[in-house]
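To keep things clear, I will list the structure first and then write my remarks on it.
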Amino acid sequence: MNIKNSSAERSTVTRDTIKLEDQTGNVYEAIVVLSKRANQISVEVKEELTQKLQEFASSTDNLEEIFENREQIEISKFYEKLPKPVALAIEELEHDQIYIRKAEEK
Numbered sequence: 008m009n010i011k012n013s014s015a016e017r018s019t020v021t022r023d024t025i026k027l028e029d030q031t032g033n034v035y036e037a038i039v040v041l042s043k044r045a046n047q048i049s050v051e052v053k054e055e056l057t058q059k060l061q062e063f064a065s066s067t068d069n070l071e072e073i074f075e076n077r078e079q080i081e082i083s084k085f086y087e088k089l090p091k092p093v094a095l096a097i098e099e100l101e102h103d104q105i106y107i108r109k110a111e112e113k
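Position one of the sequence shown corresponds to residue 8 (the working numbering), numbered consecutively onward.
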């Protein structure tokens, strides 16, 4: 899923837990699946942002050499405006884009 072109909400929305429960059969299991997927999305976004900001990293950290870099600020603002990882995970779950692997019971 491309998070930059996602239609996930960018603000808090009340969710119907019955819809979440339909996908897994158990609301608590759905929450666990969503939390794990949200963590995966968060790590992916953080790695991507870190790679982009590495271009602007300087080898010295003097207060005198700190300057405003417009490109770095624009990149940071763009990532701040993206939907939250939980909203993206919920959207994926609603569209059956999450593969749920259950542990085998003995």
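Built from N, CA and C at the ideal position, the CB exists for glycine as well.
Comparing alpha-carbon positions, the option among Glu99, Ser49, Val52 and Asn76 lying closest to Glu62 turns out to be Asn76. Scanning its chain for C-beta atoms nearer than 7 Å, with the 5 sequence neighbours on each side dropped, one finds around Leu41 the residues Val93, Ala96, Ile97 and Leu100, in chain order. For Thr31, the enclosing alpha helix (DSSP H) has its first and last residue at Thr24 to Thr31.
Of the residues Gln104, Pro90 and Tyr106, the one whose Cα lies closest to the Cα of Val20 is Pro90. For Gln104, no alpha helix (DSSP H) segment is defined, and its DSSP state is neither H nor E.
Residue burial is scored here from C-beta neighbours: Arg44 has at least 16 other C-beta atoms within 10 angstroms and is therefore classed as buried. Remark: C-beta atoms of Ile80 and Lys59 do not approach each other more closely than 8 Å. If you draw a straight line from the Cα of Val34 to the Cα of Asn46, it is about 18 Å long. Its Cα nearest to that of Ser49, the residue Ile10 stands out among Ser14, Ile107, Ile10 and Asp103.
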